[in-house]
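First to last, the sequence lines map onto chains P and U. Heads up, my numbering is the position in the first sequence plus 72, with the first residue counted as 1. Heads up, my numbering is the position in the second sequence plus 72, with the first residue counted as 1. C-beta atoms are modelled at their ideal positions from N, C-alpha and C, and glycine is treated no differently. Heads up, the thing below is written out as structure tokens.
2 protein chains.
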Amino acid sequence: MAIISPGPLKLPPKRPDVRDALLQAASELIIERDTLEVALTDVAQRASVNSALIQYYFGNKDGFLLALLNRDIGDAVRRMRILLVSEATATDKLTAHLSGIARAYHRAPYLNRLLRMISNAADEDAFEELVHKLIDPMCSFYRDVIAQGVAAGDLREVDPVLLYFTVVGACDQLFSNRRLFNRLAAEGRTTDAALGVFTDYLVTLVFEGIRLQP
Amino acid sequence: MAIISPGPLKLPPKRPDVRDALLQAASELIIERDTLEVALTDVAQRASVNSALIQYYFGNKDGFLLALLNRDIGDAVRRMRILLVSEATATDKLTAHLSGIARAYHRAPYLNRLLRMISNAADEDAFEELVHKLIDPMCSFYRDVIAQGVAAGDLREVDPVLLYFTVVGACDQLFSNRRLFNRLAAEGRTTDAALGVFTDYLVTLVFEGIRLQP
Chain P
73 MAIISPGPLK
83 LPPKRPDVRD
93 ALLQAASELI
103 IERDTLEVAL
113 TDVAQRASVN
123 SALIQYYFGN
133 KDGFLLALLN
143 RDIGDAVRRM
153 RILLVSEATA
163 TDKLTAHLSG
173 IARAYHRAPY
183 LNRLLRMISN
193 AADEDAFEEL
203 VHKLIDPMCS
213 FYRDVIAQGV
223 AAGDLREVDP
233 VLLYFTVVGA
243 CDQLFSNRRL
253 FNRLAAEGRT
263 TDAALGVFTD
273 YLVTLVFEGI
283 RLQP
Chain U
73 MAIISPGPLK
83 LPPKRPDVRD
93 ALLQAASELI
103 IERDTLEVAL
113 TDVAQRASVN
123 SALIQYYFGN
133 KDGFLLALLN
143 RDIGDAVRRM
153 RILLVSEATA
163 TDKLTAHLSG
173 IARAYHRAPY
183 LNRLLRMISN
193 AADEDAFEEL
203 VHKLIDPMCS
213 FYRDVIAQGV
223 AAGDLREVDP
233 VLLYFTVVGA
243 CDQLFSNRRL
253 FNRLAAEGRT
263 TDAALGVFTD
273 YLVTLVFEGI
283 RLQP
């Protein structure tokens, strides 16, 4: 019978993930044009799909932008959850997180603006859901890791929300204003090279500050 | 003769500073509505002047927004210049600056968005002038103060541009997203109360980091 093929099963090629392709196209266009105001038709064209598919997959532009935010922050939030329950010390957890968040903003320098746009436009329920899914886990991570470090005698007491604001603000500031970065950064320093330098700087600043210890 | 009056000279009332009133009105409306997209007619109405005066004093909307940026950052830049040539230690200069910059963002939480909007729209010459007037003095301050601290054995070597980005990013992040701040900050904490708490936090973080010193 022809149903049982002699070699390995020949499944139809996996349907290309249109959803991912659309989100990736949007991310690229937002970075290239340095604005969130990207037309959905341009996004669809970049992804080589019919723009009606955006409506099909995401409902509307708000749904599409929320999906992009989830994609860009979601990874970091998942990694934080894994980190939190690991056996590592508070210092190691926080170091891993700092380099992860710097990478996230390097890859998606529009993250803060996107979060701001979505949270400003959200009604009460949507805003609470956003905070619940993306912001609360971040703050919990800071709270729990700091508590762990304080209990172990490694870290001093510090407000987790303020530390969260500082870290996110520093990453946002460095990567989001490309024109200013290019003007101020050392000659020829690319954002790729800057990512490594900045991560080392941020980790040392957060743990040690700038005062020279005797 | 009636020209010589018996009492103190009665000068006509000083012409109210229409320019300042317009800038103050714009600042208030931008904060209240949490957007830079404020109609000039609304600004003029808030300042109780004819909207034609905006054109008279500032040329156009770009000129008006640049004047607002200058007003809001200009003060901080002037204070940094004075601080820089003072006899204070690097630590004292930087502490004074940190509390000044936190105050500036507390008063004008839209500062970063305004800088971004203006610098993105600027042509090469306008951008260079902006950097020259507002950003370079800030970076020079960091460079010179850190060099002073390093020479005195008080501070470790740290990239001044990265430190500048961190400080500005942290202030921006804390004060600019009011909805998120209100949701995350401790119950009933106003931004006024937060300013003091945040300033203490920022100064300690920058100098000492969060590692507990043995």
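Counting only beta-carbon atoms, is leucine 101(U) nearer than 8 Å to chain C?
-> Here the protein chains are P and U, and chain C is not one of them.
Bounding residues of the alpha helix (DSSP H) (the contiguous stretch that carries leucine 112(U)) = According to the DSSP assignment, leucine 112(U) belongs to the alpha helix (DSSP H) that extends over 112-118.
Hey, does glycine 146(U) have any beta-carbon neighbour from chain P nearer than 8 Å?
-> No, no contact with chain P.
Chain U within 8 Å of phenylalanine 199(P), Cβ atoms only = Using beta-carbon distances, phenylalanine 199(P) counts as an interface residue toward chain U, with a partner under 8 Å.
Among residues of its own chain, excluding the 5 on either side of arginine 250(P), which ones have a beta-carbon nearer than 8 Å to its beta-carbon?
-> Around arginine 250(P): Asp106, Pro181 and Thr263.
Using a Cβ cut-off of 8 Å, pull out every chain U residue sitting near serine 191(P), in sequence order please.
-> Think of a sphere of 8 Å around the beta carbon of serine 191(P): the chain U residues whose beta carbon falls inside it are Asn249, Arg251 and Leu252, in chain order.
Name the two residues that bound the continuous alpha helix (DSSP H) containing asparagine 254(P).
-> Under the DSSP assignment, asparagine 254(P) falls in the alpha helix (DSSP H) whose first and last residues are 250-256.
Going by the beta-carbon positions, is the gap between isoleucine 145(P) and phenylalanine 136(P) smaller than 8 Å?
-> For isoleucine 145(P) and phenylalanine 136(P), no; Cβs fall outside 8 Å.
Name the chain U residues that come within less than 7 Å of arginine 228(P), Cβ to Cβ?
-> Chain U residues near arginine 228(P): Ile282 and Leu284.
Flag valine 157(U) as yes if its beta-carbon sits less than 8 Å from any beta-carbon of chain P, otherwise no.
-> No - not a single Cβ of chain P is within 8 Å of the one on valine 157(U).
Give every residue of the same chain whose Cβ lies closer than 6 Å to the Cβ of serine 248(P), excluding the five residues on either side of it in the sequence, and list them in chain order.
-> Pro181, listed in sequence order.
Residue-chain proximity (glycine 268(U), chain P), Cβ-Cβ < 8 Å = Cβ-Cβ to chain P under 8 Å: no for glycine 268(U).
Beta-carbon spacing of leucine 94(P), alanine 119(P) below 8 Å | A Cβ-Cβ contact shorter than 8 Å links leucine 94(P) with alanine 119(P).
Arginine 228(U) - DSSP class collapsed to helix/strand/coil = In this structure, arginine 228(U) counts as coil in the three-state DSSP scheme.
Taking the alpha-carbon positions, what's the valine 240(U) to phenylalanine 237(P) distance?
-> Spanning the two alpha carbons is a distance of roughly 11 Å.
is_contact[arginine 188(P), chain U] using C-beta, thresh 8 Å | Yes, contact with chain U.
Length of the line joining the Cα atoms of serine 158(P) and histidine 178(P) | The straight-line gap from Cα to Cα measures roughly 26 Å.
Could you tell me whether any Cβ in chain U is nearer than 8 Å to the Cβ of aspartate 106(P)?
-> Chain U, which has a Cβ nearer than 8 Å to the Cβ of aspartate 106(P), makes this yes.
Is the beta carbon of isoleucine 102(U) less than 8 Å from the beta carbon of valine 90(U)?
-> Result no, Cβ atoms of isoleucine 102(U) and valine 90(U) do not sit closer than 8 Å.
On the DSSP bridge assignment, give the partners of arginine 283(P) in chain order.
-> Checking the DSSP bridge columns, you'll see arginine 283(P) partnered with Leu227(U).
State the Cα-Cα distance for the pair lysine 165(P) and phenylalanine 270(U), rounded to the nearest angstrom.
-> Using only the alpha carbons, I get a separation of about 24 Å.
Mind the definition here: the stretch 265-283 of chain U touches the stretch 192-206 of chain U only if three or more C-beta pairs lie below 8 Å; say whether that holds.
-> Using a Cβ-Cβ distance cut-off of 8 Å, the stretch 265-283 of chain U and the stretch 192-206 of chain U are not in contact, since fewer than three pairs of beta carbons, one from each stretch, lie closer than that value.
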